Structure formats: C-alpha cells, structure tokens
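Peer 1: Below: one structure in structure tokens.
Numbering (our numbering), first residue to last: 72 to 481.
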C-alpha cells in the first residue's frame, strides 16, 4: 500500500492496571513500529540499507522494532540512533524519544515481568494512529450497529451525526469541522483500489432509520449502493435484526485491522497480529486493543455476524427497498423522523439466505474471510449475555459501546 506523510503524536501510558496477552507485542510498540516502517519506506530504503546507515545493528533488530516485538530492546538511545539515521524533523524526533521512553517503562514490574499495555491511553487514540493503522492494513472488517460506518458516510450524514453527538456543547461543536476533514481524509484510503479490502456488516436498523432526515438518508443509501457496486474491494452485508437471536454483537461499533504478511525472523512470511478498534459515540470513548484473547473473541464474533447476514446481492436488494421507500416519502411530502421498516414490509428482513445458523455449514464470508461453522460461537450466547455484551453494554436496549475505563497519567 502506498504511504503518506505521517504526523506522529507522542503517547503516554499508565503503568497501573495493565492487561496481559499472548501476542508478543503491545499497542505502544505496534504504533511506534508502524511509524518506523513508514519513515524507512518514505526514504525508499530496504532493511539492509537502513542497517548500513547506522539505524540499528542488524536487520533482525529492525524487523523486531518495526513489528513491535517484545524481544526488541527499546531505549531512548535506540530512538536517537533512528532519529539520526532517518534524518526526521524535530517534531518527529521528540515523539520518537517520548514513545521509546514510555515503552521502556513498560518493563517496570518487579522481577522483570513485562507489563503489557492494552488500550491504556490517557485519552482516546490519536487520529494519526488510526489513520496509520488504516494505511498499513490489508483488510478492515467492521460492524456498524448505530450509524453508517464513518469510512463510507456522506458529508451531510457525517455532519448531522457529529453535531448531535455534541449535545449542544459549544466546546465540542467547534471541533466538528476538523473532525469532518479528518473523516474525509480516512475516506480517501478507499480510493486506492486493491491495496485495501474493506468489509462492512451493517445492522438493518441503521439503514431503515432516517437519523439525519429523509433526504440525507436517501443520499447516504445511494452512496452505499454506488460504492458496493462500483468498487470490488468494498464488501457490504446487511444483518437482519432478527439474527440477534442467534448471535449478539460484542460491540455496537467495531473494526478489525488485518495486516499484510511480512518477513519473519525464520525467513518465512507471516502476518502480524490483528488490532481491534472499539469505536464509541465520540472519540473520547474509543479504544484500540492488541490483547490476543480479546481480538480473537471479536474476530469470531464478526465472522458469525457475517454468516448470519444477507449475501451481497440481497444486501443491495434490501438497500434498494429503502431507497424506494425514502423516495416515496419525499415525493409524497410525508416526514418520518423515527422508526424503521417492520419485518413484514421487506422480503429480506429476518431472512438469511447465506447460512442457516442451525445447519452447521461453513463458507466464505465478507471479503473472502473464512467462515466459522454455524453455532461455533452462537451457542450459549444469549444465556451468557453479560459476557457477550461486555463492551456493548446493554445491547438489547441499543446502547453504544461502553468505554474502557480511562487510565489517568499520574
């Protein structure tokens, strides 16, 4: 995937209450590693050329740093050598030194035990971090249970959603223009064609409720149609709400970032671990995670939601029904501010021709994802609602993602 200039931002982490996992990395290391890889690629250097210019001692060390491996020794001295070798500007140099110091402090527990950081930002992830992950990803898989995914929102839809989330607070409303600019910047990634595959599962309620009004909603539906039909790297599925009886979403808005295979120390190509992004109703309650157990749980959940969704053709058919409905409302002058199409009014609602959850079959999901056997995840979900809705809060009541408790910097 082509690179774009980065705007690094120093991150501070809290050494208290850190989560352990088995992925052999931490969020802080992964994010800094992505910056290092971007800087090297922007120079057009191979790993060997970076070593020759004194960045690090060997290509193995460089690979570990760029992949965020725990085995990579990270110190401010390492950061200084990279700053000199890559000739970065002072803003980037300060950021790299700060990140290296924070990573070094992760190894602060008694007995040398590694304290793994997972989602422990003093606030929300920086926009630059999200954009960096999206630039590097080979595939993004999302579930949207509240709004149309931001990556495919029209400008009018985005503006209404953002302004309503501000609840009339002037200090938040003043930030809307900048957030709109950032969202447009993220949407440019989908113009890059086959470099990135974007798969989205959208709950039917999102498509039937005219949150921004009938005209903006119609514009948004037509945009979804256009994207799904004209760009083969964008994959759209609609999840009938009735399928929640078989599998509850673990979060109301979530994305999984997958990355292309890289050369491993063994000499074989291996894909880096995926990263999970749980997006709240505002940036302040959004979090990134590298914890492998958490990532795997949400990965399986996304696979099952894909299994239960309408296929590509029927998903577009469902959207066309809503287009016709909103066109009729606008022609007739009738205003519908709330509510959604009843299940009986659509030939698609409550119908999943893709996979019967009781049948135990398997197939291909969104964007070529391998489907898990039906029932593999669904069994017992409703009886264990507290666990299944850990991040979603009271999903039956339709609440948004519950924020991970903010870790405060001392």
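All C-beta atoms, glycine included, are put in the ideal place defined by N, C-alpha and C. For clarity, every value in this text was computed on a predicted model and none was experimentally measured.
Once the 5 residues before and after residue 368 are set aside, which same chain residues still bring their CB inside 7 Å of it?
Peer 2: 321
Peer 1: Rounded C-beta distance between residue 217 and residue 292? I'm assuming under 8 Å.
Peer 2: Actually they are not in contact, since the Cβ atoms of residue 217 and residue 292 sit about 16 Å apart, beyond 8 Å.
Peer 1: Which same chain residues end up closer than 6 Å to residue 348 when comparing Cβ atoms and leaving out the 5 residues on each side of it in sequence?
Peer 2: Cβ neighbours of residue 348 beyond the five flanking positions: 326, 359.
Peer 1: I'd like the list of long-range same chain contacts for residue 139, defined as Cβ closer than 6 Å, with 5 residues on each side in sequence excluded.
Peer 2: Hits under 6 Å: 96, 100, 101, 104.
Peer 1: Nearest-angstrom Cα distance between residue 117 and residue 342?
Peer 2: 19 Å
Peer 1: Just grab the DSSP bridge partners of residue 346 for me.
Peer 2: 328
Peer 1: First and last residue of the beta strand (DSSP E) that includes residue 271?
Peer 2: For residue 271, the enclosing beta strand (DSSP E) covers residues 268–274.
Peer 1: By DSSP, does residue 317 sit in helix, in strand, or in coil?
Peer 2: coil
Peer 1: Which residues mark the beginning and the end of the alpha helix (DSSP H) in which residue 282 is found?
Peer 2: Residue 282 -> no alpha helix (DSSP H), and no H or E assigned at all.
Peer 1: Excluding sequence positions up to five away, which residues of its chain have a Cβ less than 6 Å from the Cβ of residue 172?
Peer 2: Only 147 meet the Cβ criterion.
Peer 1: CB-CB under 7 Å to residue 119, same chain, minus the five flanking residues each way: which ones, in chain order?
Peer 2: 130
Peer 1: From 112, 418, 274, pick the residue whose C-alpha is nearest to that of residue 385; which is it?
Peer 2: 418
Peer 1: Which whole runs of the beta strand (DSSP E) in the segment 185–249 are 3 residues long or more, in chain order?
Peer 2: 210–215
Peer 1: Can you name, in chain order, every residue of its own chain whose Cβ lies under 6 Å from the Cβ of residue 275, other than the five neighbours on each side?
Peer 2: 309, 311, 312
Peer 1: Considering only the beta carbon of each residue, do residue 247 and residue 233 sit closer than 8 Å?
Peer 2: yes
Peer 1: For residue 230, which option in 163, 107, 282, 127 has the closest C-alpha, if you only look at C-alpha atoms?
Peer 2: 282
Peer 1: So the alpha helix (DSSP H) residue 162 belongs to, where does it begin and stop?
Peer 2: 161–176
Peer 1: Which of helix, strand or coil does DSSP assign to residue 126?
Peer 2: coil
Peer 1: Under the DSSP definition of a beta bridge, which residues are partnered with residue 96?
Peer 2: 140
Peer 1: Where does residue 307 fall in DSSP's three states?
Peer 2: strand
Peer 1: For residue 358, report the span of its beta strand (DSSP E) as first-last.
Peer 2: 358–360
Peer 1: Counting along the chain, where does the alpha helix (DSSP H) carrying residue 402 start and finish?
Peer 2: 383–403
Peer 1: Within this structure, are the beta carbons of residue 219 and residue 273 separated by less than 8 Å?
Peer 2: yes
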